[in-house]
Amino acid sequence: MDIKAIEKKWQTRWEKEKLNRFGSKDTDKKKFYVLEMFSYPSGAKLHIGHWYNYGPADSYARFKRMQGYNVFQPMGFDAFGLPAENYAIKTGVHPKDSTEANIATMEQQLKAMGAMFDWSAEIKTCTEEYYKWTQWMFLQFYKKGLAYRKEAPVNWCPSCNTVLANEQVVDGKCERCDTPVVRKNLTQWFFKITDYAEELLSGLDGLDWPEKTKNMQRNWIGRSTGCEIEFECDSGDVFRVFTTRPDTVFGVTYVVLSPEHPLARKITTPEQREAVEQYIDFASRSSEIERLSSTREKTGVFTGAYCTNPVSGKKVPIYLADYVLYSYGTGAVMAVPAHDERDYAFATKYGLPIVKVIEKRGGETVLPYTEDGIVVGSLQFDGLYGEEARSEISAYIRKIGKGGKKVNYRLRDWLISRQRYWGAPIPVIHCEKCGAVPVPEKNLPVRLPYDVEFRPDGKSPLAKNEKFMSTVCPKCGGPARRDPDTLDTFVCSSWYYLRYADPHNEKAPFEKEAVDRLLPVDVYVGGAEHSCMHLLYARFFTKALRDMGYLDFDEPFKRLVHQGVILGPDGNRMSKSHGNVVSPDEYVNEYGSDAFRLYLMFGFSYTEGGPWNDDGIKAISRFMDRVEKIVLKAREYTGKAGYGAEETALNYARNDTIRRVARDMEAFSFNTAIARLMELTNALYKYDGANGEKNAALFKDTVKDLILLLAPCAPHFSEELFEIMGGKGSVFEQRYPVEDPAALVLAEKEYAVQVNSKIVCKAMLPSDAQDEEIVSQASALPEVQERIAGKKIVKYIVVKGRIVNLIVA
RNA sequence: GCCGCCGUGGCGAAACUGGCAGACGCGCGGGAUUUAGGAUCCCGUGGUAGCGAUACCGUGUCGGUUCAAACCCGACCGGCGGCACCA
């Protein structure tokens, strides 16, 4: 078979017949939206990761299509972003030019892959038609109060010269370039994702997602229940602390503010001023990595000020310490050294009192004791235990008007400003008189100018383009400046799956009906690395847009599947520096795209991935040859045999394969699905090799089913075989085979016969018999007789069609 | 430290969720075909002992529940991932 020619032939035909267009012919069928995470056009070529994501997922989509769904599977490009810009800085090629060139190549390669993408719905996020609506999204969020601007300590990557979202900082380093992140105070735009913390958390329960991913999001959102308590300083200033242990409130011997706390300087006494200033300076100079290390020795300084514990009435000193984070809770904590390890270490170092207020039930209390226990030394609360104590004390605090029960989240608002060029400009104008003014919707898009000096120097490249920056205030008409920052590219990718539903709309990002009809995405396939970024942001967008009335569902992705990672042959992640990068191209050239895809599906457990090896692809190539040979043979078949044992066996294999392959495909268990197809092929060879006359009709039907079952996994190859067998039209217009239950009912089944749970022999026993009948037949077997002679059957277990176990004594 | 996942032949992996461990494939051994090699087609292939039927052992380790455990429970060992001075 001339693979190249066949691929070309069918790809041309699919395109001509618009076979991959969603809904072009099947409007009465039920919709099914299969989506793969769109590609980032950083390199010019598809790598194995793309193939591994898109190939098998496309097979799934084709499978659903053959099952009778109206399948929508679009593709596009997440085209804004840093790599293109960094490449430009290195080579001088403008990001727009390199991106467009890369997209053109990747489009060609994706088409050559033979996936049934509906290219009529293609999206590129860097086009004006798209980013206009990304900017529009920003404006809606702004209107709704979900976008705000504030000065805050933010994560700054000195190498990328931009701020980063919390999600983009990994171990205190930039997730992209590994440079340690520094803190900077900057005025930036944020999306208020924290407004949705609770729903983002609770919504996870109903999703058909990998548990692991849901857990990661749960961890990231980090809900914790506790209590806020208001402390009043002698100066009259008040501040609140957050604690998960209100049951320990009588054990507070000091409180700690983070060095950035607004009251830090205000309450400091003159005697302590110098020490406090020094400490604040020290804290601000230490890096995120240092500061976040739990093994670092606790440091702090006394402010000289005191405040009153509202529950016990005791006066306690106020310290500053950088183990208290300004960004979590209230930026202040009550310290209970007896029942918290950090407080214990700090109190020991600075000679602060340690007061035990919790006792271990039935045992010695060793300090610091951080488990639940019995409250002591706490007046009317003495004797309460754990949760009960917490809720009683919280209620009391609420009663006296000093705080009360509170839920806190680890999740922070999403910082969306970037000091980079290659992104969607933030549609805001800064006017001296009117402040930050959103660009009127009719003036969108705010075009990204082409001629920009984007070599980074810590300022937004756009700030240096006077033509871009200089504008008039939409409110007062006076001279004004544009916002020089661009939107985080994750903003672009937070709504692209919605745009696919209505990709050419010029009046709106999408029509409500179009989105409600097509969404949510039925199956979303992509890498697990997006668990706490893209997948969280997209859920946030969906919920926010729902609350603004633009759509009617709560979650964008009903089912989520992560493909694994294909490693280099040496077991390491593929990278140029390891020198272990395997390019798909040479294999595709040699074996064809179908063989390459089949190997990816067969050689790995889809969600696991694993190291690449070439032996497998030869095996696949052999399998395809075997299929082709049997098809050619089937065409010549003329036998008229009836239905004997061999025919029954073949027909059983055929229907059993149908049942199991369908089940495996649905579960993304592609390796076993293909193993089943190999088994059916082996069964056909066996039948063909047997003596005697053959049943041509059965043989041909079985071969046809094999082709249909194989079609989603090897589309071009199967089209060709289907045609060879005299099929009309496309194999993808055929209905996926459905098993015949009658063929799966056998008169006899092979049982493992056990005596006292040990297998003694195998036996064919009637499959429709009662348990008693099975037992009596089994006990008549000579191998069994031998072992039960003179003994009594005290118990038996029959597992229909599998096992009969006789317990004798 | 907290949460989650994983550990099965020489190798990639299966095992219908408690029911014959190792499907399918690679590799290896044998045979057929071939002048030869390759390709192809059969057969075999967890370990140990035995010519053999067969016997014993075997899913990281130890224990438990059960007629029956890779699967459930407990303790540990090893690996991976997430969160982590989060109060």
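Its first residue numbered 174, the first sequence is counted upward by one per residue in our numbering. Even glycine gets a Cβ: it sits at the ideal position worked out from N, Cα and C.
Under DSSP, A178 shares a beta bridge with no residue. In the three-state scheme derived from DSSP, where H, G and I count as helix and E and B as strand, Q927 is classed as strand. Cβ atoms of Q927 and L853 stay farther apart than 8 Å, at about 31 Å. Sixteen is the threshold: when 16 or more other Cβ atoms of the shown chains lie within 10 Å of the Cβ of T441, as they do, the residue is buried. Y669 carries a helical assignment under DSSP once its states are collapsed to helix, strand and coil. Around the beta-carbon of H751, fewer than 16 other beta-carbon atoms lie within 10 Å, marking it exposed.
P526 carries a coil assignment under DSSP once its states are collapsed to helix, strand and coil. Counting the other CB atoms within 10 Å of its CB gives E759 a total below 16, which places it among the exposed residues. In the three-state reduction of the DSSP assignment, A494 falls in the strand class, which pools E and B. Annotated three-state conformation of T264 is helix, per DSSP. The beta carbon of F872 sits closer than 8 Å to those of A807, Y810, G812, L823, L857, Y860, D861, all from its chain and outside the five residues before and after it, given in chain order. Residue pairing by DSSP places N328 opposite L337, R356 in a beta bridge. Contact between E340 and M706 holds, since their C-beta atoms are separated by about 5 Å, short of 8 Å. H677 is the residue among N753, H677, Q943, T307 whose C-alpha sits nearest the C-alpha of W292. Annotation for P598: no beta strand (DSSP E) segment contains it, and DSSP assigns it neither H nor E. In the three-state reduction of the DSSP assignment, T468 falls in the coil class.
In the structure shown, A840 adopts coil according to DSSP, grouped into three states.
Closest option to R593, judged by alpha-carbon separation, among T659, P326, D270, A942: T659.
The straight-line gap separating the alpha-carbon atoms of S457 and P432 is approximately 8 Å.
Secondary structure in the region 756-815: the alpha helix (DSSP H) runs of 4 residues or longer, each lying completely within the stretch, are 757-764, 766-776, 788-809 in chain order. Residue environment analysis places C649 among the exposed positions, since fewer than 16 neighbouring C-beta atoms fall within 10 angstroms of its C-beta.
CA-to-CA, the gap between V933 and V977 works out to about 11 Å.
For V506, same chain residues with a beta-carbon under 6 Å away, outside a window of 5 residues either side, are V414, V429, V497 in chain order. Assignment of beta-bridge partners to P652 by DSSP yields V645.
Comparing alpha carbon positions, the residue from T845, E906, F663, N929 closest to T307 is F663. Of the other Cβ atoms in all chains shown, 16 or more fall within 10 Å of the Cβ of Q390; this residue is therefore buried.
For W329 and V355, the gap between their C-alpha atoms comes out near 5 Å.
The C-beta of N786 has fewer than 16 other C-beta atoms within 10 Å across all chains shown, which makes the residue exposed. Around the beta carbon of T426, a 10 Å sphere encloses 16 or more other beta carbons of the protein chains shown; the residue is thus reported as buried.
Taking the Cβ atoms as the reference, P647 lies roughly 5 Å from P613, within the contact range of under 8 Å. A distance below 8 Å separates the beta carbons of P541 and A511. E892 is classed as buried because its beta carbon has at least 16 other beta carbons within 10 Å across all chains shown.
Between F423 and G550 the beta-carbon gap is near 6 Å, inside 8 Å, which marks them as a contact. Along the region 922-971, the beta strand (DSSP E) occurs as fully enclosed runs of 3 or more residues at 931-939, listed in sequence order. In this structure, R746 is the residue among A915, R746, K731 with its C-alpha nearest to the C-alpha of V738.
In the three-state reduction of the DSSP assignment, S397 falls in the strand class.
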